[in-house]
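Okay, so the sequence shown: first residue is 2 according to my numbering, each after it adds one.
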Amino acid sequence: MNVFLETDRLMLRQLTGDDVDNLYALHNDPDVMQFLNGGTPTPRAVIAQEVLPRFLSYYERGNAYGFWAVIEKHTGDFLGWFHFRPPEGHDADDVELGYRLHKAAWGKGYGTEGSRALIRKGFAELGVRRVFAGTMAVNVRSRRVMEKAGLMLVRTYHEEWDDPLPGAEHGEVEYALERAEWERQERDAAH
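Structure follows, in C-alpha coordinates:
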(Lines of atoms letter the chains of each structure in order from A; the text may use other names.)
(Lines give C-alpha, C1' and ligand atoms only; values in the text may rest on other atoms or scores of the structure.)
Protein backbone atom coordinates (compact mmCIF):
# COMPACT_ATOMS: atom_id res chain seq x y z
CA MET A 2 0.00 0.00 0.00
CA ASN A 3 1.45 3.36 -1.03
CA VAL A 4 0.75 5.54 2.03
CA PHE A 5 1.02 9.29 1.43
CA LEU A 6 0.26 10.52 4.93
CA GLU A 7 -0.73 9.21 8.36
CA THR A 8 -2.50 10.91 11.25
CA ASP A 9 -3.53 9.54 14.63
CA ARG A 10 -6.63 7.86 13.19
CA LEU A 11 -6.23 7.96 9.41
CA MET A 12 -4.05 6.74 6.57
CA LEU A 13 -4.16 8.52 3.24
CA ARG A 14 -3.03 6.18 0.49
CA GLN A 15 -2.96 6.21 -3.26
CA LEU A 16 -6.16 5.08 -4.91
CA THR A 17 -5.97 1.97 -7.08
CA GLY A 18 -8.13 0.25 -9.67
CA ASP A 19 -9.55 -1.80 -6.79
CA ASP A 20 -11.25 1.34 -5.42
CA VAL A 21 -13.97 1.45 -8.11
CA ASP A 22 -16.64 0.07 -5.79
CA ASN A 23 -15.51 2.30 -2.91
CA LEU A 24 -15.85 5.38 -5.11
CA TYR A 25 -19.10 4.15 -6.62
CA ALA A 26 -20.70 3.82 -3.16
CA LEU A 27 -19.37 7.21 -2.05
CA HIS A 28 -20.38 9.08 -5.22
CA ASN A 29 -23.85 7.55 -5.14
CA ASP A 30 -24.89 8.64 -1.66
CA PRO A 31 -27.34 11.49 -2.28
CA ASP A 32 -26.43 13.18 1.01
CA VAL A 33 -22.70 13.13 0.17
CA MET A 34 -23.37 14.53 -3.30
CA GLN A 35 -26.08 17.04 -2.35
CA PHE A 36 -23.90 20.14 -2.80
CA LEU A 37 -21.95 18.72 -5.74
CA ASN A 38 -24.54 17.42 -8.17
CA GLY A 39 -27.80 17.57 -6.24
CA GLY A 40 -27.50 13.90 -5.26
CA THR A 41 -27.79 12.56 -8.80
CA PRO A 42 -26.48 8.98 -9.09
CA THR A 43 -23.23 8.40 -11.01
CA PRO A 44 -23.15 5.20 -13.08
CA ARG A 45 -20.46 2.69 -12.13
CA ALA A 46 -19.09 2.85 -15.70
CA VAL A 47 -18.49 6.61 -15.30
CA ILE A 48 -16.61 5.98 -12.04
CA ALA A 49 -14.54 3.18 -13.65
CA GLN A 50 -13.86 4.84 -17.00
CA GLU A 51 -13.70 8.56 -16.16
CA VAL A 52 -13.53 9.46 -12.45
CA LEU A 53 -11.00 6.89 -11.20
CA PRO A 54 -8.65 7.22 -14.22
CA ARG A 55 -8.64 11.01 -13.74
CA PHE A 56 -7.78 10.56 -10.05
CA LEU A 57 -5.05 8.00 -10.85
CA SER A 58 -3.48 10.24 -13.50
CA TYR A 59 -2.17 12.55 -10.76
CA TYR A 60 0.29 9.89 -9.58
CA GLU A 61 2.02 10.01 -12.99
CA ARG A 62 2.96 13.63 -12.26
CA GLY A 63 4.83 12.75 -9.07
CA ASN A 64 4.07 11.90 -5.49
CA ALA A 65 3.39 15.33 -4.03
CA TYR A 66 -0.16 16.02 -5.19
CA GLY A 67 -3.29 14.12 -6.10
CA PHE A 68 -6.30 12.26 -4.76
CA TRP A 69 -5.90 10.06 -1.67
CA ALA A 70 -8.11 7.32 -0.26
CA VAL A 71 -8.92 7.89 3.42
CA ILE A 72 -8.62 4.71 5.49
CA GLU A 73 -9.53 4.51 9.16
CA LYS A 74 -6.50 2.89 10.83
CA HIS A 75 -8.43 0.98 13.51
CA THR A 76 -10.93 -0.70 11.17
CA GLY A 77 -9.30 -0.49 7.73
CA ASP A 78 -12.54 1.02 6.41
CA PHE A 79 -12.56 3.25 3.33
CA LEU A 80 -14.01 6.56 4.56
CA GLY A 81 -13.72 8.61 1.36
CA TRP A 82 -11.02 10.72 -0.27
CA PHE A 83 -9.07 13.95 -0.05
CA HIS A 84 -7.47 15.85 -2.86
CA PHE A 85 -4.57 18.21 -2.50
CA ARG A 86 -3.44 19.66 -5.80
CA PRO A 87 -2.93 22.82 -7.79
CA PRO A 88 -5.93 23.11 -10.13
CA GLU A 89 -5.41 23.77 -13.80
CA GLY A 90 -4.49 27.39 -14.37
CA HIS A 91 -3.00 27.85 -10.87
CA ASP A 92 0.64 28.11 -9.89
CA ALA A 93 2.18 24.91 -8.51
CA ASP A 94 2.36 26.44 -5.02
CA ASP A 95 -1.34 27.47 -4.99
CA VAL A 96 -3.01 24.25 -3.88
CA GLU A 97 -6.66 23.30 -3.57
CA LEU A 98 -7.83 21.11 -0.68
CA GLY A 99 -10.93 19.01 -1.18
CA TYR A 100 -12.63 16.08 0.52
CA ARG A 101 -15.53 13.72 0.18
CA LEU A 102 -16.35 11.44 3.10
CA HIS A 103 -19.02 8.81 3.70
CA LYS A 104 -21.92 9.99 5.81
CA ALA A 105 -20.94 7.48 8.54
CA ALA A 106 -17.64 9.40 8.89
CA TRP A 107 -19.32 12.80 9.35
CA GLY A 108 -19.15 14.54 12.70
CA LYS A 109 -16.13 12.56 13.93
CA GLY A 110 -13.43 15.08 13.07
CA TYR A 111 -11.94 13.05 10.21
CA GLY A 112 -12.35 15.87 7.70
CA THR A 113 -10.59 18.32 10.00
CA GLU A 114 -7.85 15.83 10.95
CA GLY A 115 -7.04 14.96 7.34
CA SER A 116 -7.26 18.58 6.19
CA ARG A 117 -4.90 19.82 8.89
CA ALA A 118 -2.38 17.08 8.08
CA LEU A 119 -2.45 17.91 4.36
CA ILE A 120 -2.12 21.64 5.06
CA ARG A 121 0.84 20.97 7.36
CA LYS A 122 2.49 18.72 4.76
CA GLY A 123 1.92 21.34 2.07
CA PHE A 124 3.51 24.18 3.98
CA ALA A 125 6.21 22.23 5.84
CA GLU A 126 7.34 19.80 3.13
CA LEU A 127 6.00 20.77 -0.29
CA GLY A 128 6.76 24.50 -0.42
CA VAL A 129 3.14 25.53 -0.81
CA ARG A 130 2.45 29.29 -0.73
CA ARG A 131 -1.35 29.09 -0.30
CA VAL A 132 -3.97 26.43 0.37
CA PHE A 133 -7.58 27.10 -0.59
CA ALA A 134 -10.91 25.29 -0.62
CA GLY A 135 -14.40 26.11 -1.77
CA THR A 136 -18.00 25.01 -1.54
CA MET A 137 -21.54 26.30 -1.85
CA ALA A 138 -22.27 28.99 0.74
CA VAL A 139 -25.12 26.85 2.13
CA ASN A 140 -22.84 23.82 2.75
CA VAL A 141 -22.41 24.56 6.45
CA ARG A 142 -20.72 21.23 7.31
CA SER A 143 -17.96 21.64 4.74
CA ARG A 144 -17.45 25.28 5.69
CA ARG A 145 -17.03 24.24 9.33
CA VAL A 146 -14.30 21.73 8.37
CA MET A 147 -12.46 24.48 6.46
CA GLU A 148 -12.66 26.82 9.45
CA LYS A 149 -11.55 24.16 11.95
CA ALA A 150 -8.62 23.30 9.65
CA GLY A 151 -7.45 26.92 9.89
CA LEU A 152 -8.66 28.28 6.56
CA MET A 153 -10.31 31.70 6.57
CA LEU A 154 -13.17 33.01 4.46
CA VAL A 155 -11.73 35.00 1.57
CA ARG A 156 -14.78 35.69 -0.55
CA THR A 157 -18.33 34.87 -1.50
CA TYR A 158 -19.04 34.90 -5.22
CA HIS A 159 -21.72 33.86 -7.69
CA GLU A 160 -21.36 31.66 -10.73
CA GLU A 161 -23.75 31.13 -13.60
CA TRP A 162 -25.10 27.57 -13.72
CA ASP A 163 -27.22 26.02 -16.48
CA ASP A 164 -29.07 23.94 -13.90
CA PRO A 165 -28.41 25.50 -10.47
CA LEU A 166 -28.66 23.38 -7.35
CA PRO A 167 -30.95 24.46 -4.52
CA GLY A 168 -29.06 27.09 -2.52
CA ALA A 169 -26.99 28.30 -5.49
CA GLU A 170 -28.63 31.71 -5.18
CA HIS A 171 -26.55 32.20 -2.00
CA GLY A 172 -23.33 31.78 -3.98
CA GLU A 173 -20.06 29.96 -3.51
CA VAL A 174 -17.42 30.59 -0.86
CA GLU A 175 -13.65 30.39 -0.98
CA TYR A 176 -11.53 29.80 2.12
CA ALA A 177 -7.75 30.10 2.10
CA LEU A 178 -4.63 30.09 4.22
CA GLU A 179 -1.34 31.75 3.28
CA ARG A 180 2.02 30.38 4.42
CA ALA A 181 2.75 33.34 6.76
CA GLU A 182 -0.60 32.93 8.53
CA TRP A 183 -0.06 29.17 8.89
CA GLU A 184 3.37 29.83 10.42
CA ARG A 185 1.78 32.29 12.87
CA GLN A 186 -0.90 29.72 13.80
CA GLU A 187 1.80 27.08 14.37
CA ARG A 188 3.79 29.46 16.63
CA ASP A 189 0.67 30.36 18.62
CA ALA A 190 -0.26 26.67 19.05
CA ALA A 191 3.25 25.91 20.36
CA HIS A 192 2.91 28.44 23.20
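Ideal Cβ positions, reconstructed from N, Cα and C, are used throughout, including at glycine.
For W183, the uninterrupted alpha helix (DSSP H) run begins and ends at 180-191, by DSSP. DSSP, reduced to helix, strand and coil, places Y59 within a helical segment of the structure shown.
In the structure shown, D164 falls within a coil segment according to DSSP collapsed to helix, strand and coil.
Using a 10 angstroms sphere on the CB of R131, the tally of other CB atoms reaches 16 or more, which defines it as buried.
Here N38 has L166 as same chain residues with Cβ atoms under 8 Å from its own Cβ, once five neighbours each way along the sequence are excluded.
If you draw a straight line from the Cα of H28 to the Cα of W107, it comes to about 15 Å. Comparing C-alpha distances from Y111 to each of L11, N23, Q15, E170 shows the shortest one belongs to L11.
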